[in-house]
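Here the structure is laid out as structure tokens; the discussion comes afterwards.
Residue numbers (our numbering): 1428 to 1491.
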């Protein structure tokens, strides 16, 4: 399984997480936000890697 899918599974499980104490509410919110940001960075990295792969293939075709 790719890292993005692993993180997506974690985010899905955390989505229903509720703080046991009112004081923990901000920590739970921060955790969810952090996971969202990590997911976005992973997704962007995957997209960038795919784009670079395509550019490399196009360059090789142009050199032929």
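For each residue, glycine too, the CB sits at the ideal point set by N, CA and C.
The model shown is predicted, which means the values in this text are computed figures rather than measured ones.
- Under the three-state reduction of DSSP output, residue 1446 falls in the coil class, being neither helix nor strand.
- The way I'd put it, the segment 1435-1445 does touch the segment 1457-1468; three or more beta-carbon pairs between them come closer than 8 Å.
- Per DSSP, the unbroken alpha helix (DSSP H) holding residue 1470 starts and ends at 1452-1490.
- Taking the CA atoms as reference points, residue 1453 sits about 21 Å from residue 1434.
- Between residue 1491 and residue 1430, the beta carbon gap of about 34 Å keeps them out of contact (Cβ cut-off 8 Å).
- The residues 1455, 1458 and 1459, in chain order, have a CB closer than 8 Å to that of residue 1444 in the same chain once the five nearest residues on each side in sequence are set aside.
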